[in-house]
Amino acid sequence: MLAEFLQFLFSGVTVGATYALAALGFTLIYNASNVINFAQGEFIMLGGMLAVLFTQGGLPIPLALVLAIALPALVGVMVEKLAIEPAKDAEPVTLIIITIGASLVIRGLIQVWLGKGTFSLPAFSGDEPLQILGATLMPQSLWVLGVTSIVVVALWYFFNRTPHGKAMLATSYNREAAELVGINTNWVLLLSFAMSAALGALGGILVTPITLTSYDVGIMLGLKGFVAAVVGGLGNGLGAVVGGLLVGILEAMGAGYVSSSYKDAIPFVLILVILFFMPRGLFGGKSTDRV
Amino acid sequence: MTKNPFIGLYIIMTVLLVLPFVLPNSFYVDLAIRMAINAAIVLGLNLLIGFAGQISLGHAGFLGIGAYATAALPTHFGWHPLLALVAGAVAAGLLAAIVARPIFKLKGHYLAMATLGLGIIINIVARNEAAWTGGPDGMPVPAMSLAGFEISGDKHWYWIVAVMLSVSVWASLNMMNSPFGRALRALHGSEVASKVVGINVVRYKVAIFVMAAMFASIMGSVTAHYVGFVTPNLADFFHSIELVTMVVIGGMASVYGSVVGAVLLTALPQALAAFEGWETVIFGAILMLSMIFMPKGLVPTLAAKFSKAG
Chain A
0 MLAEFLQFLF SGVTVGATYA LAALGFTLIY NASNVINFAQ GEFIMLGGML AVLFTQGGLP
60 IPLALVLAIA LPALVGVMVE KLAIEPAKDA EPVTLIIITI GASLVIRGLI QVWLGKGTFS
120 LPAFSGDEPL QILGATLMPQ SLWVLGVTSI VVVALWYFFN RTPHGKAMLA TSYNREAAEL
180 VGINTNWVLL LSFAMSAALG ALGGILVTPI TLTSYDVGIM LGLKGFVAAV VGGLGNGLGA
240 VVGGLLVGIL EAMGAGYVSS SYKDAIPFVL ILVILFFMPR GLFGGKSTDR V
Chain B
0 MTKNPFIGLY IIMTVLLVLP FVLPNSFYVD LAIRMAINAA IVLGLNLLIG FAGQISLGHA
60 GFLGIGAYAT AALPTHFGWH PLLALVAGAV AAGLLAAIVA RPIFKLKGHY LAMATLGLGI
120 IINIVARNEA AWTGGPDGMP VPAMSLAGFE ISGDKHWYWI VAVMLSVSVW ASLNMMNSPF
180 GRALRALHGS EVASKVVGIN VVRYKVAIFV MAAMFASIMG SVTAHYVGFV TPNLADFFHS
240 IELVTMVVIG GMASVYGSVV GAVLLTALPQ ALAAFEGWET VIFGAILMLS MIFMPKGLVP
300 TLAAKFSKAG
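One line per chain: the protein sequences are A and B, in this order. When we follow numbering that gives the first Met the number 0, the leftmost residue of the first sequence carries the number 0, and every step to the right adds one. When we follow numbering that gives the first Met the number 0, the leftmost residue of the second sequence carries the number 0, and every step to the right adds one.
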C-alpha cells in the first residue's frame, strides 16, 4: 500500500517538476507582456532533442547540455524579436495565435531536421534505482528535483535581490510606470522570453532520460505546464511551482489508482474544477477593473 | 457605410449556384463542401471571438460531440439520424452553458483555458471509449434518410451545405444589426459601459457561446454524415486551432472574413501538398506573418484599403 503510494508520488513529483519549470516560463512571459506563450512546450522539446543531438554528436556532456539550454534561449529571443515585438499592440487573441504559429514553425523544423523518431538520453548518474520503503526511486528523479529546487531558489533571489529582477517585477505590475522610472521594458520582454525558454529547455533535458523525447512532446508538456500555471494563479511564481507539482502528482495518482488511459485527461479536468471553484487559482490575487 | 451589406451574400449564393456546374471533378466538389462546412462553423465561432471578445480553444470538441452523436446514437440505439443530430446539438449547448456560466463571471481569458481543457477531455474520451466510439480508429456513420429518401454522396450534401452556409451568412448579417448584435459589440468595446446601459453581460456572453457550440455540433453531425466516418482527429486540439486561425485570418467580427478565412485555410493543405514534410513549418509561418502584418485580418484590412482608394 505505502510502497505503491510512494511509487506514484515519486513519479508524480518528477514530472511535476518539469511542469513547474514550464509553468514558471509561462508566468515569466505573462508577467512581462500579458502574452500566453503557446510555444512554451516547444522549448521543452528543443532542450531534450538538442541535448540528444549534441551528446550523440560526441560533444562533452557539460558543453552539450549548456548548448541545449543556450540555443533554445536564443530561439526564445528570436520569437520575441521577430514575432511578438512587431505585433505588440495587437489584441491578446492575435498574440496567442502568433505564439501558436511560432510553435508550429519550431516543431515543424525539428521534424524536418531530426525526423519523427523517439530519442533518449542516458541518465546522469546511472540507472541503479534507490529503494525507499519498498518503492524505487531513479537517481534521475533526484536530479530533476534537485535542479528544479536550485532554479526556484535562484529565481527567488533574482527577483527579490537583483536590479534586473526587480525591473522585471516592476514591469509586470505596471508597464507605463516602469517605463517612467527608466526601465527598458523592451529589454525586460526580451529577457523574459530568453529566461522562460531556458527554463523550459532545462526541464526538457532533465526529464528526457525518464520519459524520452520526440519532435511532438512539446504539445502536451506545454499544455500541462499551462494548466499548472493557471492552477497556481496565472502570473504567480510560487503558484506555478505548487501548481506544477500538484498537476504531476494528481496525474500520477490518477494513472495509478483510476485509469492509465485517462492519465492525460486529469490535468484538464483539474483546470475545469479550479476555474469553477477557485477561478483565480490557488495563489492568484484579486483583480479590479479600471474604467 | 452606404453599401448594402447583403451584396456579399448575393455573391456567395451566386458562386454556390454556379460552382457545381464548373468544377471539373469530384475532388473539387469535395473541397468545396469542406470549405462550406468550415465556413459555417467559423461564422459561429467568429460571433464568439469577434463580437463577444472571447476565444474558444476547444471548439473542435463541440464538433466532435455532434459527429459522435450522429455516429453512435443510431448505431447503438437505433435513433433516427435527425434526432441524433438534435440530441448532439442539445448536449453541446448544455455543456457550453454549464461551463460558461461560472467562467463568464470572471474577466480575462479564462474561457480559452476552460474550452482548451474541455476540448482535450472530449478528444481523450473519444479515443478511449472504443466500445462506443471505435477508439482511435473511429467508427462508420449510418446514412441520413428523410421520409424514406436516403441522403448520400457529393451531390446531395453539396446542396444541403450550400443552403446551410447561405442561411448562416444571412442570419449572421441580420444578427449583427439586431439589438442582440449591438449588445455583443458593446460588450467587446467596454463591459463596464455595457453594464451601465443595462446589458446583462453574463447572459449575453453565455448565449453567444451556447449558440456557437450548438452550431459547431450541428456542423459536426453534417461532417460525419458527409464523410461517412468519424475519427477523434475531428475533435483534436490542432483542429480547434485551425478554426480559430480561420476566424483571425479572415478577420475578427467580419462575417465575410469568416467565409474567406475558412476557404483559404481549407485550401491551404492542398496547396502545401507539394512541399511534403514542410507543411507544419509553412502553416505556422503563414499564421505568424499574417497576424503580424494584418492583425485585423484579411477582409477588414482589404476593405479599409479599398475604401481609402475609392
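Every residue gets a Cβ at the ideal spot worked out from N, C-alpha and C, and that includes glycine.
| Asked | Found |
| --- | --- |
| Cβ-based contacts, 7 angstroms cut-off: residues of the region 275-302 of chain B near chain A | Gly-276, Trp-277, Thr-279, Val-280, Phe-282, Gly-283, Ala-284, Leu-286, Met-287, Met-290, Ile-291, Pro-294 |
| Distance between Gly-116 of chain B and Glu-241 of chain B (C-alpha atoms, nearest Å) | 17 angstroms |
| Exposure label - Gly-65 of chain B; buried when at least 16 CB within 10 Å | buried |
| Rounded straight-line distance, which links the Cα of Val-205 of chain B to that of Pro-101 of chain B | 10 angstroms |
| Thr-265 of chain B CB to nearest heavy atom of the ligand ZN below 8 angstroms | Among the ligands in the structure shown, none appear at all, so the ligand ZN cannot be discussed. |
| Within chain B, the residues that Ala-67 of chain A reaches when beta carbons sit closer than 7 angstroms | In chain order: nothing, as chain B lies at least about 21 angstroms away. |
| Where the beta strand (DSSP E) through Phe-148 of chain B begins and ends | 148-150 |
| N- and C-terminal bounds of the beta strand (DSSP E) containing Ile-60 of chain A | It is not in any beta strand (DSSP E) - Ile-60 of chain A instead sits in the alpha helix (DSSP H) that spans 60-78. |
| Short-range partners of chain B found in the region 105-126 of chain A, where Cβ spacing is below 9 angstroms | Ile-105, Arg-106, Gly-107, Leu-108, Gln-110, Val-111 |
| When B:His-238, B:Val-254, B:Val-162 are compared against Gly-180 of chain B, the one with the closest alpha-carbon | B:Val-254 |
| Inter-stretch contact (C-beta, 8 angstroms, three-pair minimum) for the region 230-239 of chain A and the region 83-93 of chain A | no |
| Cα-Cα separation between Asp-288 of chain A and Met-252 of chain A, rounded to whole angstroms | In this prediction, Asp-288 of chain A has a pLDDT of 48, which is less than 50 and means its spatial position is unreliable; what the coordinates show is noted afterwards. Those two C-alpha atoms are separated by around 39 angstroms. |
| According to DSSP, residues forming a beta bridge with Pro-139 of chain B | B:Phe-228 |
| Within chain B, the residues that Ala-82 of chain A reaches when beta carbons sit closer than 7 angstroms | Met-287, Ile-291 |
| Thr-98 of chain A versus Gly-46 of chain A: straight-line alpha-carbon distance, rounded | 18 angstroms |
| Local Cβ density within 10 Å of Thr-244 of chain B, reported as buried at 16 or more and exposed below that | buried |
| Three-way DSSP call (helix, strand, coil) for Ala-196 of chain A in this model | helix |
| C-alpha gap between Trp-131 of chain B and Pro-266 of chain A, whole angstroms | 24 angstroms |
| Within-9 angstroms CB hit, Val-290 of chain A to chain B | Residue placement at Val-290 of chain A is poorly supported in this model, since its pLDDT is 47, which falls under 50; the coordinates are not used for a value here. |
| Close beta carbons around Met-277 of chain A, own chain, < 6 angstroms, minus the five adjacent residues each side | none |
| Bridge-paired residues (DSSP) for Gln-130 of chain A | A:Thr-135 |
| Segment contact flag, the region 128-144 of chain A with the region 4-12 of chain A, C-beta cutoff 8 angstroms, min 3 pairs | yes |
| Backbone secondary structure at Thr-212 of chain A - three-state DSSP | strand |
| Through-space distance from Ser-167 of chain B to Leu-52 of chain A, alpha-carbon basis | 51 angstroms |
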